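S.K.: Okay, so the sequence shown: first residue is 1281 according to this note's numbering, each after it adds one.
One structure is given below, represented as structure tokens, and several questions about it will come after.
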Amino acid sequence: PKLCKIKSAIGLRKQIGDKKGISNSLYNIGIIYQYLSNYKEAVNFLKESLNISKEINALDLVEKNSKSLYEIYKKTVNSKKALELYELYIATRDTLAKQDAMEQLIHLQAKRKYEEQKLTDSLKHEQKILLHQSEAKAQKQIIKRERIIRFGLIGFALLVLFSLGMIFISLKRTKLQKTIIETQHSDLTDSITYARRIQAAVLPSDRIVKQYLKNSFILYLPKDIVAGDFYWMEQSGDKILFAAADCTGHGVPGAMVSVICNNGLNRSVREHKITDPGKILDKTREIIMQEFEKSEDEVRDGMDIALCSLSGNKLQYAGAHNPLWLIRDKELIETKADRQPIGKFSKIQPFTT
């Protein structure tokens, strides 16, 4: 019954011209006869199937038919035919294997190309989104800037109108304003003069300087009423400490820094009992930086200084940028200072005594 169904299917396939279907049906019939050991009928159907499969280049059927014919010829001791069909089977199998490998390679290449394209599309999409976001942000900035300019122009126009309205009144008040300005200038001058007295109060008096350094003189010529330059003296045990310092800034700002630096020197000696010049400068720098760090803004002010310690005939020196000049036997001897200030610095090192 199965053979009848297959043969009936062959007739239908012939009507529609399905050669591969015909070849496949003939192969199935040949296999049935081979299974029944009817090798003659099996060979007839398999050979016919083989011829059709060769004609349409159906390599999978060529492989199956050649293998089955090889097995039959081998059993019927037809060595020549068996060898011929075996070679055809091997060649077809290798060709199919190569085709399968090629198809897998093509599939992998296509898959990789698809993944690359997918990644490219994803990147393009992200770039497009970022571009849109950037354009939107730029547009907002333009609108914001235009709004600021518009409001600025309106404000400027109002200011001009207001100024024009005030000119007449201002002319009447010129004399009064002049008086006020002169008064303010006088007050400011008085305040600065008072600040000078305060600054002078922290400087050692001529009497104290002469007490410790009899053959000495002071040349102090500030540019303004108050200044950032100052001199300092302190006694600690058998040592006399004295210094000449130059703080950053001129006028009132320099004077304010000089007061902080003067206080730092006093604390280093009086509170911390330090007498070594280099260590005094180290501690003074630490105190000054702590004071400036209390401000929210970065403060890089500080001072350059030459500091000496005199005990009997022994003189010790440490300096920040300011050298020591020593005159001996009519010869000027210079001792170099450390190349760093008292204050914030990128490469802080201990000062050398």
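Note that CB positions come from ideal geometry on N, CA and C, so glycine has one too.
Computed from a predicted structure; not experimentally measured.
Going by DSSP, which residues form a beta bridge with Cys1284?
M.R.: Its beta-bridge partners do not exist; DSSP assigns none.
S.K.: How long is the line joining the alpha carbons of Gly1310 and Thr1400, rounded to whole angstroms?
M.R.: 54 Å
S.K.: On the DSSP bridge assignment, give the partners of Ser1589 in chain order.
M.R.: Leu1521 and Gln1596
S.K.: Are Val1506 and Gln1479 closer than 7 Å when you measure CB to CB?
M.R.: yes
S.K.: By DSSP's criteria, Ile1613 is part of a beta bridge. Which residues make up the other side?
M.R.: Leu1606
S.K.: Starting from Cys1527, follow its DSSP beta bridges and name the residues at the other end.
M.R.: DSSP output for Cys1527 lists Met1583 as bridge partner(s).
S.K.: Suppose you measure from the CA of Ile1622 to the CA of Gln1419; what does that come to, to the nearest Å?
M.R.: The alpha-carbon atoms of Ile1622 and Gln1419 are separated by roughly 50 Å.
S.K.: Distance, Cα to Cα, Lys1294 vs Ile1302?
M.R.: 7 Å
S.K.: Compare the Cα-Cα distances from Asp1581 to each of Lys1355, Ser1538 and Lys1417 and report the closest residue.
M.R.: Ser1538
S.K.: State the Cα-Cα distance for the pair Thr1356 and Asp1380, rounded to the nearest angstrom.
M.R.: Cα to Cα, Thr1356 sits roughly 33 Å from Asp1380.
S.K.: Quick one: Cα of Ile1423 to Cα of Lys1404, how far?
M.R.: 28 Å
S.K.: If distances are taken between C-alpha atoms only, which option among Glu1573, Glu1514 and Ile1472 comes closest to Glu1551?
M.R.: Glu1514
S.K.: Among Asp1556, Leu1606, Glu1573 and Lys1519, whose alpha-carbon lies nearest the alpha-carbon of Gly1592?
M.R.: Lys1519
S.K.: When you compare only the Cα positions, how much space is there between Phe1625 and Lys1398?
M.R.: In this structure, the alpha-carbon of Phe1625 lies about 55 Å from that of Lys1398.
S.K.: Do you know offhand how far Ser1288's Cα is from Lys1393's?
M.R.: 47 Å
S.K.: Taking Asp1509 as part of the beta strand (DSSP E), name the residues at either end of that continuous run.
M.R.: Asp1509 to Ser1516
S.K.: Here's a check: name, in chain order, each residue in its chain whose Cβ is nearer than 7 Å to the Cβ of Lys1347, leaving out the five neighbours to either side.
M.R.: Tyr1369
S.K.: Please report the straight-line C-alpha distance between Pro1484 and Lys1458, rounded to a whole angstrom.
M.R.: 40 Å
S.K.: Quick check: the region 1527-1546 against the region 1555-1575, are at least 3 beta-carbon pairs closer than 8 Å?
M.R.: The region 1555-1575 vs the region 1527-1546: in contact.
S.K.: Would you report the Cα separation of Leu1612 and Lys1455, rounded to the nearest angstrom?
M.R.: 60 Å
S.K.: What does DSSP give as the partner residue(s) for Gly1623 in the beta ladder?
M.R.: Gly1582
S.K.: What does the alpha-carbon distance come out to for the pair Ile1554 and Val1532?
M.R.: 30 Å
S.K.: Which runs of the alpha helix (DSSP H), 4 residues or longer, sit entirely within the region 1525-1561?
M.R.: Here the runs fully enclosed are 1531-1550.
S.K.: In angstroms, rounded to a whole number, what distance separates the CA positions of Ser1635 and Leu1330?
M.R.: There is simply no residue 1635 to check, as the chain begins at 1281 and stops at 1633 in what is shown.
S.K.: Check whether the Cβ atoms of Thr1633 and Ala1598 sit closer than 7 Å, and answer yes or no.
M.R.: yes
S.K.: Using the Cβ count rule (16 or more neighbours within 10 Å means buried), how would you classify Met1583?
M.R.: buried
S.K.: Less than 8 Å between the CB atoms is what I'm expecting for Val1342 and Lys1354, so what's the real figure, rounded?
M.R.: With 8 Å as the limit, Val1342 and Lys1354 do not qualify as a contact, their Cβ atoms being about 18 Å apart.
S.K.: For Asp1618, write down the residues that DSSP places opposite it in a beta bridge.
M.R.: According to DSSP, which records beta bridges pairwise, Asp1618 is partnered with Ala1600.
S.K.: Is the beta carbon of Pro1603 sitting closer than 7 Å to the one on Lys1616?
M.R.: yes
S.K.: Suppose the cutoff is 6 Å on Cβ atoms and the five residues either side in sequence are ignored; what does the same chain contact list for Leu1326 look like?
M.R.: Gly1310, Asn1345, Ser1348 and Leu1349
S.K.: Expressed to the nearest angstrom, what Euclidean distance is found between the alpha-carbon atoms of Ala1525 and Cys1588?
M.R.: Taking the straight line joining both Cα atoms gives about 12 Å.
S.K.: My guess is that Gly1534 and Cys1527 are in contact by the Cβ rule of under 8 Å, so how many angstroms apart are they, rounded?
M.R.: 5 Å
S.K.: Under 8 Å by Cβ, that's how I've got Glu1321 and Tyr1315 pegged, so tell me the actual separation to the nearest angstrom.
M.R.: That belief does not hold up - the Cβ atoms of Glu1321 and Tyr1315 are roughly 11 Å apart, past 8 Å.
S.K.: Look up Asn1324 in the DSSP assignment and say whether it is helix, strand or coil.
M.R.: helix
S.K.: Are the beta-carbon atoms of Ile1286 and Asn1318 separated by less than 7 Å?
M.R.: no
S.K.: Roughly how many whole angstroms lie between the Cα atoms of Ser1222 and Val1482?
M.R.: A query on residue 1222 cannot be resolved here, the shown segment of the chain reaching from 1281 to 1633 and no further.
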